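Numbering follows this note's numbering, in which position 99 of the sequence shown is assigned residue number 99; successive positions increment by one, without gaps.
The C-beta atom is built at its ideal place from N, Cα and C for all residues, glycine as well.
Keep in mind it's a predicted model, so treat the numbers as computed, not measured.
A short worksheet on the structure shown next.
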Amino acid sequence: MRLYDGNYIVSSGYGPRKLSNGDSSFHKGIDYVGVDSKNIITPTNGKIVTSQIITDRSNLTWEWGNYVKMDDLNGFFLFFCHLSRRTVNAGETVAKGQLIGIEGQTGYTTGSHLHFEVRRKSDNIAIDPDEYFKILAAWEQGQVNAAKKLVQEKTGFDNNTMEYLSKHPYPDALFLKLAKAMK
1 MRLYDGNYIV SSGYGPRKLS NGDSSFHKGI DYVGVDSKNI ITPTNGKIVT SQIITDRSNL
61 TWEWGNYVKM DDLNGFFLFF CHLSRRTVNA GETVAKGQLI GIEGQTGYTT GSHLHFEVRR
121 KSDNIAIDPD EYFKILAAWE QGQVNAAKKL VQEKTGFDNN TMEYLSKHPY PDALFLKLAK
181 AMK
């Protein structure tokens with residue numbers, strides 16, 4: 001799954017960590033740094049819940065600075081934090097791959113990066129973003145398989161035709177679009 005419109009690296013993983021300034025705590029997300037682009041994109045479709053900057057240190061989220069909270073509409077909230085600029089507003093529906101902000105250094109940070117955090121909606125507990133990406137990939141594959149089944153049922157294509165279509169340069173997108181058109 002992609003979070004940048006370009007290459008990026010992990011600068012700090014999920015879990016226990018000790019920072020160069022001596023702070024040590026459990027890191028509830030993964031920090032990324034854009035290599036050839038600072039543009040942050042959504043890894044999936046969703047709806048923007050919050051798009052704001054917090055500067056008041058009495059607010060529990062002040063450390064995130066300029067951030068976006070997104071509902072993935074599948075049981076998780078996604079947080080994109082420390083942005084220099086937000087390009088979406090609360091209430092907006094977003095598509096996978098859409099620009100939602102620019103990497104920055106707002107809030108409590110030691111350098112420009114994206115802090116990406118995932119929380120279950122059911123109990124607001126943070127999970128490892130790498131685990132979320134596995135869940136998301138499995139969900140997306142399930143959607144593609146359901147689309148293939150619908151296309152074959154509605155069109156009556158035989159297995160040879162379905163195999164031929166599967167060799168299209170972008171087969172997942174093809175089957176999802178065909179299925180959407182047939183509903």
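Can you tell me whether M70 is buried or exposed? The criterion is at least 16 other CB atoms within 10 Å of its CB, across all chains shown. Around the beta carbon of M70, 16 or more other beta carbons sit within 10 angstroms, so the residue counts as buried.
Inter-residue Cα distance where the pair is G40 and A138: The sequence shown places Ile at residue 40, rather than the Gly named in the question. Rounded to the nearest angstrom, the gap between the Cα atoms of I40 and A138 is 23 Å.
List the whole-angstrom C-beta distance separating A95 from N45, where the pair is believed to meet the contact cut-off of C-beta under 8 Å. Their Cβ separation, rounded to whole angstroms, is 6 Å, which keeps A95 and N45 in contact under 8 Å.
Neighbour-count burial assignment, P43, 16 or more Cβ in a 10 Å radius: By the beta-carbon neighbour count (other beta carbons within 10 angstroms, threshold 16), P43 is buried.
Any contact between the region 147-164 and the region 70-79? By contact I mean 3 or more CB pairs, one from each, below 8 Å. The region 147-164 is not in contact with the region 70-79.
Express the C-alpha separation of V88 and E141 in angstroms, rounding to a whole number. In the sequence on display, residue 141 carries Gln and not Glu. Using only the alpha carbons, I get a separation of about 27 Å.
Distance between beta carbons of P171 and Y14, contact taken as under 8 Å: Incorrect: roughly 32 Å between the Cβ atoms, too far for contact.
Taking only runs that begin and end inside the region 108-179, name each unbroken beta strand (DSSP E) of 3 or more residues, in chain order. Segments of the beta strand (DSSP E) lying fully in the region 108-179: 114-120.
If I measure Cβ to Cβ from S166 and keep anything under 7 Å in the same chain, skipping five residues before and after, which residues do I get? When the five nearest sequence neighbours on each side are left out, no beta carbon in the same chain lies closer than 7 Å to the beta carbon of S166.
Taking 7 Å as the cut-off, is the beta-carbon of D23 closer than that to any non-hydrogen atom of the ligand MG? The model depicted lacks the ligand MG and carries no ligand whatsoever.
Proximal residues to L174 (C-beta, below 7 Å), its chain only, five neighbours per side dropped: If the five residues before and after L174 are omitted, its C-beta is found closer than 7 Å to the C-beta atoms of L165, H168, all from its own chain and listed in chain order.
Return helix, strand or coil for M1, following the three-state DSSP convention. If DSSP states are grouped into helix, strand and coil, M1 belongs with coil.
Are F76 and I100 close, meaning C-beta to C-beta below 8 Å? No, these two residues do not count as a Cβ contact at 8 Å.
Quick one: Cα of S24 to Cα of V35, how far? Cα-Cα distance, rounded: 26 Å.
Quick check on the burial criterion: 16 or more other C-beta atoms within 10 angstroms. Buried or exposed for D31? The residue is buried, with at least 16 neighbouring Cβ atoms inside 10 Å.
Can you tell me which of L178, N160, S122, K183 puts its alpha carbon nearest to the alpha carbon of N74? Among L178, N160, S122, K183, the Cα nearest to that of N74 belongs to S122.
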